[in-house]
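Read the structure below first, then the notes.
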Amino acid sequence: MNGPSYAVSSPRKSGATRLLWSLFGACLVAAVIGYKPVVIVHGLFDSSGAFVELLRFINQSHPGTNVSVFDLFDRSSSLQPLWKQVEGFKAAIYPIMQNAANGVHFICYSQGGLICRGILSTLPDHNVHSFISLSSPQAGQYGDTNYLKYLFPQFMKFNLFHFCYTSVGQRISICNFWKDPHHMDMYVNSSDYLALLNSERTNPNSTVWKKNFLRIKKLVLIGGPDDGVITPWQSSQFGFYDDNETVVEIKDQDLYLRDVFGLKTLNARGDLFLCSMAGVEHINWHSNYTVFNTCIEKWLV
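Numbering follows this note's numbering, with no gaps: position 128 of the sequence shown is 128.
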């Protein structure tokens, strides 16, 4: 009489089987829940390699999510004019949008947040659901940071306007959003990028751009007082200096009060969210799990 038979698997085969089932389960969860693709746009002097931790966070919390980080305008190429970068990123991202019937999410870091705004303002059929602006100088930049000293060793913040507000200066990305509160007339008349996005300079496309921008479902503005690069740090949430270098918060800013590109409308809709976090330096926003867990994770659905 034969005894019972047993199928014995080798540890290697068993481990491979478990891995396959885990991958299958992750794909099944993603299919059922329907996680939207995530597009990440890097900042100044960055590349895709800087976002390994953020990709890991997303894959752990939202298994099976399609995440795209582009090697475009990396490192020194990130100094190219922002409109040029907008067109380059737009061409790379648009096919992802077309293949995402339920929309996509944007996580846009530092200078990348301004690039994403350019895309959202000028692309009439985008389908971005959550626009997550991660420590980005949305209202402009004015400060003596290490980046400034590296790029312009002969300039301090109070005299950089002499260079930035020229046709040559406007060929460098940081000058596209350099906003000197003591020389606002020069900024408005010279800025080829931020002053147009914020409708601080006469823009014949402002009505269309506002309509395009308001296609987003959520706007999440993340920043904090220990950033050390974005100056003032409240610029990451559309606050900025007045001519006395006193910070005027978002809801007292003219661009909010006049709703020039949709901030007030988003707030009235309940779709504007500010997430402030102390103790985070600029280079660590995308690798800090607490930031991800508190300010980002819940919007990636």
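Note that beta-carbon positions come from the ideal geometry of N, C-alpha and C, so glycine has one too. On a predicted model such as this, the values are computed, not experimentally measured, just so you know.
*Could you tell me whether the Cβ atoms of H282 and D227 are closer together than 7 angstroms?*
Going by C-beta atoms, H282 is nearer than 7 angstroms to D227.
*Measure from the alpha carbon of I296 to the alpha carbon of each residue in P81, D252 and I222, then state which is nearest.*
I222
*How is F213 classed by DSSP in three states: helix, strand or coil?*
helix
*asked:* Check whether the stretch 133 to 140 and the stretch 201 to 209 are in contact - that is, three or more C-beta pairs closer than 8 angstroms.
replied: no
*From the DSSP output, in three-state form, read off I96 for me.*
Looking at I96 - three-state DSSP - the assignment turns out to be helix.
_Counting C-beta neighbours from all protein chains within 10 Å, is the total for N2 16 or more, i.e. buried, or is it exposed?_
Residue placement at N2 is flagged as unreliable, the pLDDT there being 40, under the threshold of 50; a coordinate-derived value is accordingly withheld.
*Which residues in the same chain as I93 place their Cβ atom closer than 6 angstroms to its Cβ, once the five residues preceding and following it in sequence are excluded?*
Around I93: V39.
_What does the alpha-carbon distance come out to for the pair M97 and N267?_
25 angstroms
_Once DSSP output is grouped into helix, strand and coil, what is the label at G223?_
Note: G223 maps to strand in three-state DSSP.
*Take every Cβ of the stretch 40 to 53, pair it with every Cβ of the stretch 112 to 119, and state whether three or more of those distances are shorter than 8 angstroms.*
yes
*Could you round the C-beta distance between P95 and N212 to whole angstroms and report it? I think they count as a contact, below 8 angstroms.*
Not confirmed; about 19 angstroms, so no contact.
*Verify the CB distance criterion: does H162 have a CB-CB separation below 7 angstroms to chain B?*
Any reference to chain B falls outside this structure, which holds one protein chain only.
*G140 and F177 closer than 7 angstroms at C-beta*: yes
_Restricting to runs no shorter than 4 residues, where is the alpha helix (DSSP H) found entirely within the stretch 116 to 140?_
none
*Own chain residues within Cβ distance below 7 angstroms of L120, not counting five before or after*: H126, V128, F131, N212, F213 and I216
*Can you tell me the Cα-Cα spacing of D71 and L54, whole angstroms?*
16 angstroms
*Quick one: Cα of S14 to Cα of E249, how far?*
Unreliable placement is indicated for S14, whose pLDDT of 49 sits below 50; the coordinate value is still reported in the next sentence. Answer to the nearest angstrom: the Cα atoms are 58 angstroms apart.
*Along the chain, where does the beta strand (DSSP E) that runs through S68 open and close?*
That run of the beta strand (DSSP E) goes V67 to V69.
*Ignore the nearest five residues each way along the sequence and tell me which others in F89's own chain have a CB closer than 7 angstroms to its CB.*
Only residues of its own chain outside the window of five on either side were considered, and among them V41, F70, L72, I115 and I119 have a CB closer than 7 angstroms to the CB of F89, listed in chain order.
*Taking the CB atoms as reference points, tell me whether W299 and V291 lie closer together than 7 angstroms.*
no
*Opposite I40 in the DSSP bridges: which residues?*
Answer is V69 and I107, bridged to I40.
*Thinking just about the alpha-carbon of each residue, which of Q237, N293, F158 and Q111 is nearest to the one in Q85?*
Q111
*Name the two residues that bound the continuous beta strand (DSSP E) containing L274.*
L272 to S276
*Is H62 near the ligand MG, going by C-beta to nearest heavy atom under 6 angstroms?*
The ligand content of the structure shown is nil, which means the ligand MG is not present either.
_Straight-line Cα distance separating L160 from Q154_ = 9 angstroms
_By the DSSP assignment, the alpha helix (DSSP H) with C175 in it spans what residues?_
S173 to N176
*Could you name the residues of the same chain whose beta carbon sits closer than 8 angstroms to that of M186, not counting the 5 residues immediately before and after it, in chain order?*
F161, Y165 and D180
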